[in-house]
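Contents: one structure, followed by commentary.
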Amino acid sequence: MNLTQFAAQAKLAVFEEIKTGGDPTQGTFSADVLREGRTKGEPVLGTTRYEPDAVIVEIIFPNPGGGSILLPIRIQTPERIVHLPIPKWVVESIWQGDIAGSYHFESDARRMVEEFTAQLDPEANAAVFAPRGATRRE
11 MNLTQFAAQA KLAVFEEIKT GGDPTQGTFS ADVLREGRTK GEPVLGTTRY EPDAVIVEII
71 FPNPGGGSIL LPIRIQTPER IVHLPIPKWV VESIWQGDIA GSYHFESDAR RMVEEFTAQL
131 DPEANAAVFA PRGATRRE
């Protein structure tokens with residue numbers, strides 16, 4: 011099972027358990043937040059976030075009057091999650107929307123592959139899991 015399948019299965023399982031009035035049987039969460047959320051209304055699936063060793067499933071309890079409740083459920087993964095950045099050798103043609111490789115001298119290509127592989131080390135990869143600010147196009 012890959013990460014996408016694991017996250018989807020976990021998300022649907024905890025959502026179904028909460029939706030039917032039960033507590034999630036997997037992951038860690040705040041029972042107080044869940045109790046408070048249930049007083050606000052029906053749960054809605056929120057986003058899914060990733061940490062190096064967990065999938066965070068967010069359940070939202072909307073409140074029509076404002077002040078919705080967000081319940082994060084932290085589900086441990088069977089192995090470490092890594093972020094695979096776009097390699098330097100990938101070229102995107104904005105006009106056609108195509109993504110293709112690019113040409114390099116072998117020595118440069120080997121160096122780029124080593125740099126890319128180094129980004130999988132836990133310390134180097136941990137930085138990409140930090141919250142990101144909003145981006146805008148100019």
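Numbering-wise (my numbering), the sequence shown opens with residue 11 and increments by one. Glycine included, C-beta positions come from ideal geometry on N, C-alpha and C.
Residues near residue i by beta carbon distance below 8 Å, same chain, minus five either side
i           : result
residue 88  : 16
residue 78  : 50, 70, 71 and 72
residue 58  : 17, 21, 65, 66, 67 and 68
residue 19  : 11
residue 122 : 97, 98, 99 and 114
residue 5   : As shown, the chain starts at 11 and ends at 148. That puts residue 5 outside it, with no answer to give.
Distance CB(residue i)-CB(residue j) smaller than 8 Å
i           : j          : result
residue 35  : residue 27 : yes
residue 24  : residue 83 : yes
residue 112 : residue 99 : yes
residue 94  : residue 44 : no
residue 115 : residue 97 : no
residue 141 : residue 62 : no
Reduced DSSP secondary structure (H/G/I, E/B, other) of residue i
i           : result
residue 65  : strand
residue 108 : strand
residue 47  : helix
residue 81  : strand
residue 15  : helix
residue 28  : helix
residue 71  : strand
residue 138 : helix
residue 130 : coil
residue 22  : helix
residue 59  : strand
residue 92  : coil
residue 100 : coil
Other residues of its chain near residue i: CB distance less than 6 Å, five sequence neighbours each side excluded
i          : result
residue 60 : 91
Neighbourhood of residue i by C-beta distance below 7 Å, restricted to the same chain and skipping five residues each side
i           : result
residue 130 : 92
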